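Note that UniProt numbering numbers the sequence shown so that position 5 is 5, with each residue one more than the last. Where is the CB? At the ideal position from N, CA and C, for every residue including glycine. Owing to the predicted nature of the structure, the values given are computational and were not obtained by experimental measurement.
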Amino acid sequence: MYNPCYWLLPSHPYTVASIQEERSPYVSLVVKRNRFALEPFRRYSLQPFFKSSLSLNFFQTAESVTIVSGGSGISLGLPLFNYFKRKVQHEKKDIKLLCIWITPNAGDLFVLEELEAEGLEVYVTRSGREEEAAESLEGLEAFELQSLDDDFHAYEESSQVTHSPDFTDEFATVVKHGRRPRFEKILAKNVNRTIDYANKWIVSCGPTQLNRDCQQLAEKLKCQFIGEEYAM
1 MYNPCYWLLP SHPYTVASIQ EERSPYVSLV VKRNRFALEP FRRYSLQPFF
51 KSSLSLNFFQ TAESVTIVSG GSGISLGLPL FNYFKRKVQH EKKDIKLLCI
101 WITPNAGDLF VLEELEAEGL EVYVTRSGRE EEAAESLEGL EAFELQSLDD
151 DFHAYEESSQ VTHSPDFTDE FATVVKHGRR PRFEKILAKN VNRTIDYANK
201 WIVSCGPTQL NRDCQQLAEK LKCQFIGEEY AM
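Right under this line is the structure:
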C-alpha cells in the first residue's frame, strides 16, 4: 500500500532480501535494531522502490560475480547471490560465483538459517573470547544485527570451518571464526577464473571502508565494481 504523505511520517529504508523467482507471497527483510521499530500486526505504508544501481546488462552478461557483504549488507548480497546461483543451477549458466559475508558476531548466523541461505563463505570476525567480553559489557540484551566498524583492517587468527549439514550440491556454506579475510587472495581466486574485463564484477555492500577496499582491489584486478553503503 502507498501513502502519498509518507514523507510526513517516521520512515526507514530496507532492502528486500528475497528474490522474485522464489514465488513466495512474503518478502524477507534483514533488520538492524534502531529507533525505528517494526511492530507485529501493525499496518505500514510502502513507498515506491528505489531504482537499482545495478544495470540490466550486469544481470544479463556477468560471467564472474564476487559479492562481499559486511554486516547488514547481507540483505543486498544474499538476493544477488541467490539470483545468480539459480542461473547456475537451473539454467546451467557458466558463472563463476562467490559470496562472502563478514559479520562481528556468531549470533548473526541465524540469518542464514532463517533465509535458507547456502553456499556462502562467512567470516565471524570476533573470537569466542571477544564475544564473551562484549556480552559482559553490554549485558544480555536483545539481538542486534551489526554493521562492521569503518576502521576495517585485515588480520588473521585461528579459524574453525563448518559445513551446512543440508547442502546437496557444490554450494556448501563455510564459516570461519575469529578471522577476517585476506581480501586480495580470496577475491583474485574467483575474479581470475574469467578473462573478459567487461563481464567480471566485484559487488560490495557494507560500511565505507569495506567498499573502498573492494573498489581498490577491483581496479587492481581489472574488473568492474559496484558498491552500496550499509553504515546505518
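Check, Outcome
"Pick out whichever of 77, 41 and 95 has its Cα sitting closest to the Cα of residue 196.", "95"
"Quick check on residue 121: buried or exposed, where buried means 16 or more other Cβ atoms within 10 Å of its Cβ?", "buried"
"Check the DSSP bridge columns for residue 74 and list the partner residues they point to.", "Residue 74 is not bridged to any residue."
"Expressed to the nearest angstrom, what Euclidean distance is found between the alpha-carbon atoms of residue 228 and residue 88?", "24 Å"
"Nearest CA to the CA of residue 188: which residue from 220, 206, 91 and 77?", "220"
"Buried or exposed, going by whether 16 or more other CB atoms sit within 10 Å of the CB of residue 112?", "buried"
"In chain order, which continuous runs of the beta strand (DSSP E) of length 3 or greater are located wholly inside the segment 87 to 126?", "96 to 103 and 121 to 124"
"What residues match up with residue 66 in a beta bridge as DSSP calls it?", "98 and 202"
"Go ahead and pull the three-state DSSP assignment for residue 233.", "Any property of residue 233 remains undetermined from this structure, which presents the chain solely from 1 to 232."
"Spatial neighbours of residue 106 within its chain, please: C-beta separation below 6 Å, excluding the five flanking residues on both sides.", "124"
"If you draw a straight line from the alpha carbon of residue 142 to that of residue 177, how long is it in whole angstroms?", "With a pLDDT of only 36 at residue 142, under 50, the local geometry of the prediction cannot be trusted, and the value read off the model is given with reservation. About 22 Å."
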